[in-house]
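A.B. asks: One structure follows; several queries about it will come next.
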Amino acid sequence: MPRHLRSAAVHILACLVLLGAWSCRDGSAASATDSGAREPDKKVVVCTTTMIGDIVRAVAGGTAEVHVLFGPTVDPHLFRATRDDVQQLMAADLVFYNGFGLEGYLEPTFRRVAESGIDLVAVAESILKGDEAMQDAGVSDPHVWMDPHLWARTAPLVAEALGRLLPDSAGLPGRAADTNARILALDSFAREAIATIPESARTLVTAHDAFRYFGRRYGLRVEGIQGLSTASEGGLQALESLVDLLVDERIPAVFFESTVSERNVKALIEGAAARGHRVVLGGTLHSDAPGSAGNYEAMMKHNISTIATALRGDSTATEALK
Ligand SMILES: [Zn+2]
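Taking mature numbering (1 follows the signal peptide of the UniProt record, and there is no 0), I'd label the letters of the sequence shown as residues -23 to -1, 1 to 299.
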């Protein structure tokens, strides 16, 4: 986007944020006078992605009202907030987002949220220590949820933030421990499943670079046609060098992603076929949103099973992995 358009867009967004803040204040004032409710209103927590929202819901256990901004098929790299979304963020008591630039278009709104004094937690940025964040050309990779061993740390972080909001809620640490254990079970599942793929076939080719944390944890080489963000285009050169890789290393399968166009992946399959190497479509992975899997755990189980089955070249073991 040209600079002048970008600053105009930021300006419009800032105006919307202000409008949102005012109308939210009006709204809450009205409900306080109208309702006369006996129970105190629940605190409102807004999360950007489902991967975060699932953990926040599990840890909150009904003690807070939890909203997830992005639907199950939304590409977070390309998400632009509507006026309602901005209002929802500005009216929250606590906001969790991924960070590392995943929600790129929301960053001006996040600044406004923080400036208005709302507790704002960048989950992925907060759970990584030292040099754990993966880098690509100086940019930190935001797809941390792809490594459940790291993502499990989200549970105690969420409990801590919810504890600031709900100091009387005694159940938070226990639910955080349970949630942490459930996500760590995904890590064991992934290690066992990936171990069934022959070492020579451990290369994962997908539409964009969402699986680098996954690959680092489980020993897979990963290649994406587009870079870390789907906002970047996959160039012809990237396609050609990936076709070379498929042909040279006899890689058996490539994968669609449910939030990214299938066009580039189809071009890879056709490119390899033109050079006499048959590549199959290994299935559709859920990279940046849970898609039809519906939630984080189901999405990861689906991805792990799909990858292991396709790269093993064996469809009969799918059931055993589910
Ligand atoms: Zn992505």
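Glycine included, every Cβ here is placed at the ideal spot set by N, Cα and C.
Predicted, not measured: the structure shown is a model, and the values here were computed from it.
#1: Measure from the alpha carbon of Ala266 to the alpha carbon of each residue in Thr207, Gly107 and Phe166, then state which is nearest.
#2: Output the distance between the C-alpha atoms of Leu216 and Ala68, rounded to the nearest integer angstrom.
#3: Does DSSP put Gly260 in a helix, in a strand, or in coil?
#4: Relative to ligand 1, is the shortest distance from any of its heavy atoms to the C-beta of residue 377 smaller than 8 Å?
#5: With DSSP as the reference, please indicate the residues paired to His44 in a beta bridge.
#6: Using the Cβ count rule (16 or more neighbours within 10 Å means buried), how would you classify Leu213?
#7: Taking Cβ positions, are Val116 and Val90 nearer each other than 9 Å?
#8: What are the residues that DSSP puts in a beta bridge with Arg198?
#9: Which residue or residues does DSSP assign as beta-bridge partners of Glu84?
#10: So Asp221 is in the alpha helix (DSSP H); what residue range does that whole segment cover?
#11: Among Ala250, Leu142 and Gly204, which one has its Cα closest to the Cα of Asp221?
#12: Which one of Thr50, Leu66 and Thr59 has the shortest CA to CA distance from Lys20?
#13: Alpha carbon to alpha carbon, how far is Ala129 from Ala167?
#14: Which two residues bound the contiguous beta strand (DSSP E) that contains Ala99?
#15: Any idea what DSSP makes of Phe191, helix, strand or coil?
#16: Can you check whether the CB of Ala37 is closer than 9 Å to the CB of Arg152?
#17: If you count every other CB in all the chains shown that lies within 10 Å of the CB of Pro53, and 16 or more means buried, which is it?
#18: The beta strand (DSSP E) with residue 301 in it runs from where to where?
#19: Just the residues with CB closer than 5 Å to a heavy atom of ligand 1, in chain order, which are they?
#20: Please report how far the alpha carbon of Val135 lies from the alpha carbon of Gly248, in whole angstroms.
#21: Return the CA-CA distance between residue 305 and Gly253, expressed in angstroms with no decimal places.
#22: Helix, strand or coil for Ser117 per DSSP?
#23: Who are the near neighbours of Phe232 in its chain, counting only those whose CB is closer than 8 Å to its CB and skipping five residues on each side?
#24: To the nearest angstrom, how far is it from the Cα of Asn23 to the Cα of Pro175?
#25: Just how far apart, CA to CA, sit Ile228 and Gly201?
#26: May I ask you to report which of helix, strand or coil DSSP gives Leu149?
#27: Could you tell me the distance, in whole angstroms, from the CA atom of Leu79 to the CA atom of His120?
#28: Have a look at Glu92, Gly48 and Asp118 and flag the residue whose alpha-carbon is nearest the alpha-carbon of Gly81.
#29: Should Arg194 and Asp164 be called a contact, given that it needs their Cβ atoms to be closer than 9 Å?
#30: Shortest alpha-carbon distance to Val45 belongs to which of Gly39, Leu55 and Arg34?
C.D. replies: Let me spell this out:
#1: What you label residue 266 is simply residue 289 of the sequence shown in a count that begins at 1. Taking only the C-alpha atoms, the option nearest Ala266 is Thr207.
#2: Here residue 216 refers to the residue found at position 239 of the sequence shown. Here residue 68 refers to the residue found at position 91 of the sequence shown. Taking the straight line joining both Cα atoms gives about 44 Å.
#3: The count along the sequence shown starts at 1 and reaches residue 260 at position 283. In the structure shown, Gly260 sits in a strand (DSSP, three-state: E or B).
#4: This structure gives no information on residue 377, because the portion of the chain shown stretches from -23 to 299.
#5: Translated into positions along the sequence shown, residue 44 becomes position 67. Note: His44 sits in a beta bridge opposite Val23.
#6: In the sequence shown, the residue the question calls residue 213 occupies position 236. Exposed, because fewer than 16 other Cβ atoms sit within 10 Å of the Cβ of Leu213.
#7: Position 139 of the sequence shown holds residue 116. Position 113 of the sequence shown holds residue 90. Contact flag unset, no.
#8: Residue 198 sits at position 221 when you count from the first residue of the sequence shown. Looking at the DSSP assignment, Arg198 forms a beta bridge with Thr180.
#9: Here residue 84 is taken as the residue at index 107 of the sequence shown, counted from 1. According to DSSP, Glu84 bridges with nothing at all.
#10: Translated into positions along the sequence shown, residue 221 becomes position 244. Leu213 to Asp225 is the extent of the alpha helix (DSSP H) around Asp221.
#11: Stepping through the sequence shown from its first residue, residue 221 is reached at position 244. Nearest C-alpha to Asp221: Ala250.
#12: Taking the first residue of the sequence shown as position 1, residue 20 is located at position 43. Looking at the Cα atoms, Leu66 is the closest of the given residues.
#13: For the purposes of this step, residue 129 is taken as residue 152 along the sequence shown, with counting starting at 1. For the purposes of this step, residue 167 is taken as residue 190 along the sequence shown, with counting starting at 1. So the alpha carbons of these two residues sit roughly 14 Å apart.
#14: In the sequence shown, the residue the question calls residue 99 occupies position 122. Taken as a continuous stretch (DSSP letters only), the beta strand (DSSP E) holding Ala99 covers Asp96 to Ala99.
#15: The count along the sequence shown starts at 1 and reaches residue 191 at position 214. Correct three-state label for Phe191: helix.
#16: As a first step, residue 152 is located in the sequence shown; it is residue number 175 there, counting from the start. As a first step, residue 37 is located in the sequence shown; it is residue number 60 there, counting from the start. Yes, the pair counts as a contact, with Cβ atoms nearer than the cut-off.
#17: For the purposes of this step, residue 53 is taken as the residue at position 76 of the sequence shown. Under this definition Pro53 is a buried residue.
#18: With the chain running from -23 to 299 in the structure shown, residue 301 is simply not present.
#19: Ala187 and Asp265
#20: Residue 135 sits at position 158 when you count from the first residue of the sequence shown. Residue 248 sits at position 271 when you count from the first residue of the sequence shown. When rounded, the distance between both Cα atoms is 45 Å.
#21: The question about residue 305 has no answer here: the residues shown for the chain are numbered -23 through 299.
#22: Numbered from its first residue, the sequence shown carries residue 117 at position 140. Three-state result, Ser117: strand.
#23: Locating residue 232 in the sequence shown gives position 255, counting from the first residue. Answer for Phe232: Leu181, Val182, Thr183, Ala184, Val242, Leu258, Gly259, Gly260, Thr261, Leu262, Thr283, Ile284 and Ala287, listed in chain order.
#24: Walking along the sequence shown from the start, residue 23 turns up at place 46. Walking along the sequence shown from the start, residue 175 turns up at place 198. Checking the displayed sequence, the identity of residue 23 turns out to be Val instead of Asn. Between Val23 and Pro175, the C-alpha separation is close to 42 Å.
#25: As a working note, residue 228 is residue 251 in the sequence shown. As a working note, residue 201 is residue 224 in the sequence shown. Distance between the alpha carbons of Ile228 and Gly201: 14 Å.
#26: Stepping through the sequence shown from its first residue, residue 149 is reached at position 172. Helix, per DSSP.
#27: Stepping through the sequence shown from its first residue, residue 79 is reached at position 102. Stepping through the sequence shown from its first residue, residue 120 is reached at position 143. Looking at the two C-alpha atoms, the distance is approximately 8 Å.
#28: Sequence index remark: in the sequence shown, residue 81 carries index 104 (1-based). Ranking Glu92, Gly48 and Asp118 by Cα distance to Gly81 puts Asp118 first.
#29: Reading the sequence shown from its first residue, position 217 is the one you call residue 194. Reading the sequence shown from its first residue, position 187 is the one you call residue 164. In this structure, Asp164 lies closer than 9 Å to Arg194 by Cβ.
#30: In the sequence shown, counting from the first residue as 1, residue 45 sits at position 68. Here the closest residue by C-alpha is Arg34.
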